[in-house]
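These protein sequence lines are chains A and B, in that order.
Residues in the first sequence are numbered consecutively from 27, following this note's numbering.
Residues in the second sequence are numbered consecutively from 27, following this note's numbering.
Even glycine gets a Cβ: it sits at the ideal position worked out from N, Cα and C.
2 protein chains.
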Amino acid sequence: MRCRKCGQAASINMHQHRLSLCKNHYNEWFIAYTKKTIEKYHLLKNGEKALVAVSGGKDSLVLWDVLNQLGYYTEGLYINLGINEVFPYSDRSQDYAQVFADKNKLNLRIFDVRAELGRDISNLVKQSQYGKKRPCSVCGIIKRHILNSVTRQHEFQIIATGHNLDDEVAVLFSNNLNWNLEQLSRQTPRLPETFDFARKIKPLCRSYERETSAYALLNGIEYIEEECPFSIGSKTNNIKIWFNQLEKDQPGIKFAYFTQFLAQKKAGFLSGVENLPIELHQCPKCGQPTSSEEFCAFCKLLDD
Amino acid sequence: MRCRKCGQAASINMHQHRLSLCKNHYNEWFIAYTKKTIEKYHLLKNGEKALVAVSGGKDSLVLWDVLNQLGYYTEGLYINLGINEVFPYSDRSQDYAQVFADKNKLNLRIFDVRAELGRDISNLVKQSQYGKKRPCSVCGIIKRHILNSVTRQHEFQIIATGHNLDDEVAVLFSNNLNWNLEQLSRQTPRLPETFDFARKIKPLCRSYERETSAYALLNGIEYIEEECPFSIGSKTNNIKIWFNQLEKDQPGIKFAYFTQFLAQKKAGFLSGVENLPIELHQCPKCGQPTSSEEFCAFCKLLDD
């Protein structure tokens, strides 16, 4: 297996792109590819101030590294959710994020949920299970709220998250199974600004998880390898395992499934539901956007 | 496990419908359910003359039985493709079809491919592999052509096929993966008449394979249990295995995936492509409908 660019021994063979590359050419390719994604979906411009949502996992650290290499202004935000029951998952993840930031002389902001909200994530999850919400869903509500409030407070225009192609495929398929057209129409690499809240972008949405792993490995980016203990056995994880089998039989199928969906959406096949006015209100308590006519999900959660 | 209707021991428990039934009530339910599918999609009216495409497998024999029980005028057509290499698959299948027809005093027509076309299916498949067509695709071309010509010759208004929910889900997902909207828009339980060729209907499209199996078993309908030797390892079969895993985690998901798709299609989400004029021509050689501007796929195949 030889690098297509220089003929030296390849470090990675990507069946999905029919492409083998050595370490140096892989890095070059991965960065240029991410740049292309940014341009294709108009995610980010030079001069815009981006906050990278850093989890300590490979995807968000790789994203931060690549945005930095591409010369964008970035800071990181690590939200410590206090998931330290089985093992110190949150604290270890924070260490990885901090080591990366220090090594690259980047600014990492920390939001400690327990210290700031006076509540523990385990406590919130346990309580919310009575309300039939799953842990990942509770966690999503909290992280979305904190990201919004930090970006507004510090005047970031952009929130960049590390969702990769495998993540996007799992969400897409999950909505696809019920043909929920409204939910389908909302899936996008670029969620525009709402009120004075930042635009949300996913520059790695066209990159396989395997590709972000390879980039981390080849560049010595250390990250937390364990899955979040709350996420194990989740529906999303099962869909990912399932699509990995399919990808083995048909290399490139995840890429086709996601990018063809976006292309058809752009061509207007969901225009009937996309044009529906989305009724967003400002939560009377925190001021953040919500589709609820009362308090937003976050304020309701904390009120329970 | 008790029958919901009479409280006696249940013969089948359908998680997907949250319903357990004894043998008698299952039969009653299955027949009424098929009737409902027929009415829901306007498939068939009393007095119409229907040709059932019988393969000797459970689905088509169950379909024939139910249509007969419901009082529709039916005859069967068995196409003997001469797949007798590994074991006498086609001849055995024909025997099952004939035994069923005799037992129920129904008329079974036989079309013997080797005798009528002077060509062997293995020969056609082997030859066509050079043209990069897969066996199932070659077989589909031949069967479609023969069904069309027999229905026209004997003035049937309807061709009824035994495609079950699992079959429909596999086809849907296969087109869904590439978001091929035109192909998606063509999937329907009721393909209308073209020129003077019969309407094609799928009355079992809302029935799980497990349900047709149960009906066959409970009613002593004997059928060929082996898979077609050409179909083993096909993409469609892999998708079915995959969806069976998903169904275990989320009972009813196959039903939701297929019927929600039809409901959204009815509501118009594919109207942009559905309204495209489908350019169908009559093949200058056999007169059957084809999207090709030259000879149809069948005539091309036999000309090779």
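- Between the alpha carbons of Leu198 (chain B) and Ala242 (chain B) lies a distance of about 26 Å.
- Secondary structure of Gln308 (chain B) (DSSP, three-state): strand.
- Taking 4 residues as the minimum length, the alpha helix (DSSP H) runs contained wholly in the stretch 61–148 of chain A are 84–95, 115–129 and 139–143, in order along the chain.
- Cβ contact annotation for Lys31 (chain B) (same chain, cutoff 7 Å, sequence separation greater than five): Leu47 and His51, in chain order.
- Counting along the chain, Ile267 (chain A) sits inside no beta strand (DSSP E); it lies in the alpha helix (DSSP H) bounded by residues Lys261 to Asp275.
- Of all residues in the stretch 203–230 of chain B, those with a C-beta nearer than 7 Å to a C-beta of chain A are Leu203, Asn204, Trp205 and Leu207, reading in chain order.
- With a 10 Å radius around the Cβ and a threshold of 16 neighbouring Cβ atoms, Ile258 (chain A) comes out exposed.
- With respect to the 8 Å criterion, Gly82 (chain A) and Tyr59 (chain A) are not classified as neighbours on the basis of their beta carbons.
- Chain B has a Cβ within less than 8 Å of the Cβ of Asp275 (chain A).
- For Leu230 (chain B), the closest of B:Ser260, B:Phe182, B:Val78 and B:Asn245 by C-alpha to C-alpha distance is B:Val78.
- Of the candidates A:Glu101, A:Ser154, A:Lys129 and A:Phe126, the residue whose Cα lies closest to the Cα of Ala186 (chain A) is A:Glu101.
- Chain B places a beta carbon closer than 8 Å to that of Leu272 (chain A), counting this residue as a contact.
- For a Cβ distance threshold of 7 Å, residue set Leu203 of chain B lies close to Ile279 (chain A), ordered along the chain.
- Taken atom to atom, the span from the alpha-carbon of Tyr67 (chain B) to that of Thr214 (chain B) is near 9 Å.
- Beta-bridge analysis with DSSP links Asn39 (chain B) to B:Ser46.
- Here the C-alpha atom of Lys61 (chain B) lies approximately 15 Å from the C-alpha atom of Gly73 (chain B).
- The three-state reading of DSSP puts Thr187 (chain B) in coil, since its state is none of H, G, I, E or B.
- For Phe56 (chain B), there are no C-beta contacts with chain A under 9 Å, since the nearest C-beta of that chain is about 25 Å from it.
- With a threshold of 16 other beta carbon atoms within 10 Å, Phe113 (chain A) falls short and is exposed.
- For Gly294 (chain B), the residues of chain A that pass the 8 Å Cβ criterion are Gly298, in the order they occur in the chain.
- In terms of beta-carbon proximity, Trp90 (chain A) stays away from the interface with chain B, with every pair separated by 8 Å or more.
- In the three-state reduction of the DSSP assignment, Leu217 (chain A) falls in the strand class.
- If you check the CB distance, Lys75 (chain B) and Gln183 (chain B) come in under 8 Å.
- Per DSSP, the beta-bridge partners of Phe223 (chain B) are B:Thr220.
- Excluding residues up to 5 positions away in sequence, Val78, Ala186, Gly188, Pro229 and Leu230 lie with their Cβ nearer than 7 Å to the Cβ of Leu89 (chain A) in the same chain.
- Its Cα nearest to that of Leu173 (chain B), the residue B:Phe223 stands out among B:Ser200, B:Phe223 and B:Asp329.
- Contacts between Gln286 (chain A) and chain B, judged by CB atoms closer than 9 Å, involve Leu203, Asn204, Trp205 and Asn206 in chain order.
- For Pro255 (chain B), the three-state secondary structure derived from DSSP is coil.
- The contact set of Asn264 (chain B) on chain A, defined by CB atoms closer than 7 Å, consists of Asp275 in chain order.
- Judged by beta-carbon spacing, Gln42 (chain A) lies within the 8 Å limit of Gly278 (chain A), meaning their Cβ atoms are closer than that value.
- The three-state secondary structure of Pro315 (chain B), taken from DSSP, is strand.
- Annotation for Asn174 (chain B): the continuous alpha helix (DSSP H) segment containing it runs Pro161 to Gln179.
- Residue-level contact check: Ala282 (chain B) touches chain A, since one or more beta carbons of chain A fall below 8 Å from its beta carbon.
- Within chain B, no C-beta atom comes less than 9 Å from the C-beta of Gln179 (chain A); the nearest is roughly 40 Å away.
- Against Gln290 (chain A), the close residues of chain B are Trp205 and Leu207, in the order they occur along the chain (beta-carbon pairs closer than 8 Å).
- By the neighbour-count criterion, in which 16 or more other beta carbons inside 10 Å mark a residue as buried, Arg28 (chain A) falls on the exposed side.
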